[in-house]
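Sequential numbering of the sequence shown, starting at 9, is according to our numbering.
For each residue, glycine too, the CB sits at the ideal point set by N, CA and C.
Source: prediction; values computed, not measured.
Notes follow the structure.
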Amino acid sequence: AGGINLKEILATGIQMGDELHGKLDGTRCVFVSGLLPHIVKTDFDKDTLAQVGEYFNTNQGRWYGGNLMMASCKVMMDPAKNIEYSTIVTAMARNGVDFGIQVSGLGNEWFTGPAGTIIGYTFPGYRQEDSTLDLGDSAISETRGFGGMAAPAAPGHARFIGRDFKDAIERTKQMYEITQTEDSLFQIPYLDFIGVPVGIDIRKVVETGILPVINTGMAHKDGGHPMIGGGRADPPMECFKGAFVAFAKKYT
């Protein structure tokens, strides 16, 4: 069957209403449609094949596009690591206690601050106070310019995570003030097909006071539950200030 071009799938997904973090339905459909001809040529019985299809319609299967997204973003960001004098953020992650970033010119060191409170909506039966603080590896999406950085690509999802569409547009426009460039491969239709903002620069974050926008899911603080909602969370400015100080010490 050959390889699968994930960049092409993600680029198509963002044209189909995905912001490539919390909303990935288009991406999932493109991925499954590419697999389908090969799946039906296998020797598995119909019940097994039906289970494959049913899986992609479950909540877990719907997030399969997120697995593809995170792997793709990691692969795309790694070449930007370990470049001398570079102030570009190459990774962002959080564990429900701390939020950390890595910066190209500062190697593998993590610069951390407290994880943020998630502001958004919960599913029926849950309350916002049931949620952990922001956690997970999926902020590699925003590192690459997706998710909260490209929120207007998914108008319906922008509303779900606690903002109106106008606010989503304004916040994404701000992201161009703290990044180095736009990526024309991944275009936001509702912003006249401008490329997503990419290359978060710690200097620009510290100078402007503008923080990257992180879209995120809510996990129950007691565990043993499915995702209980979604929203947005701000990373701590301490990460960027700490990295900026370390950069100044290393290169001056």
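- Counting C-beta atoms within 10 angstroms of its own C-beta, residue 116 has fewer than 16 neighbours from the protein chains shown and is therefore classed as exposed.
- Contact between residue 109 and residue 100 holds, since their C-beta atoms are separated by about 5 Å, short of 8 Å.
- Taking 8 Å as the cut-off, the Cβ atoms of residue 218 and residue 96 do not count as close.
- As for any beta strand (DSSP E) of minimum length 3 sitting wholly inside the region 169 to 203, the runs are 187 to 196, ordered along the chain.
- A direct Cα-Cα distance of roughly 33 Å separates residue 35 from residue 211.
- Following the DSSP letters along the chain, one finds residue 119 inside the beta strand (DSSP E) bounded by residues 119 to 122.
- Using a Cβ distance threshold of 8 Å, residue 163 and residue 198 count as a contacting pair.
- Per DSSP, the continuous alpha helix (DSSP H) segment holding residue 259 begins and ends at 245 to 259.
- Between residue 151 and residue 127, the alpha-carbon positions lie close to 20 Å from each other.
- The beta carbon of residue 189 is closer than 7 Å to those of 206, 207 in its chain, skipping five residues each way along the sequence.
- By the 16-neighbour rule on beta-carbons within 10 angstroms, residue 158 is buried.
- For residue 211, the enclosing alpha helix (DSSP H) stretches over residues 210 to 216.
- Beta-bridge partners of residue 129 (DSSP): 238.
- Setting aside the 5 residues that flank it on each side, residue 213 is surrounded in the same chain by 186, 219, 248, each with a C-beta closer than 7 Å to its C-beta; the list follows chain order.
- When beta bridges are read from the DSSP output, residue 103 appears opposite 143.
- Annotated as proximal: residue 194 and residue 18, with beta-carbon spacing under 8 Å.
- In terms of Cα proximity to residue 44, the closest of 25, 28, 64 is 64.
- Separation of the CB atoms of residue 224 and residue 240 is rounded to 7 Å, and the pair is thereby assigned contact status at 8 Å.
- Counting along the chain, the unbroken alpha helix (DSSP H) around residue 85 starts and ends at 72 to 85.
- For residue 224, the enclosing beta strand (DSSP E) starts and ends at 222 to 226.
- Assigned with DSSP and collapsed to three states, residue 48 falls in coil, not helix or strand.
- Shortest Cα-Cα distance from residue 12 to any of 32, 46, 23, 22 involves 46.
- Separation of residue 168 and residue 89 (C-alpha to C-alpha, rounded to the nearest whole angstrom) is 34 Å.
- Boundaries of the alpha helix (DSSP H) around residue 17: 14 to 23.
- For residue 246, same chain residues with a beta-carbon under 7 Å away, outside a window of 5 residues either side, are 121 in chain order.
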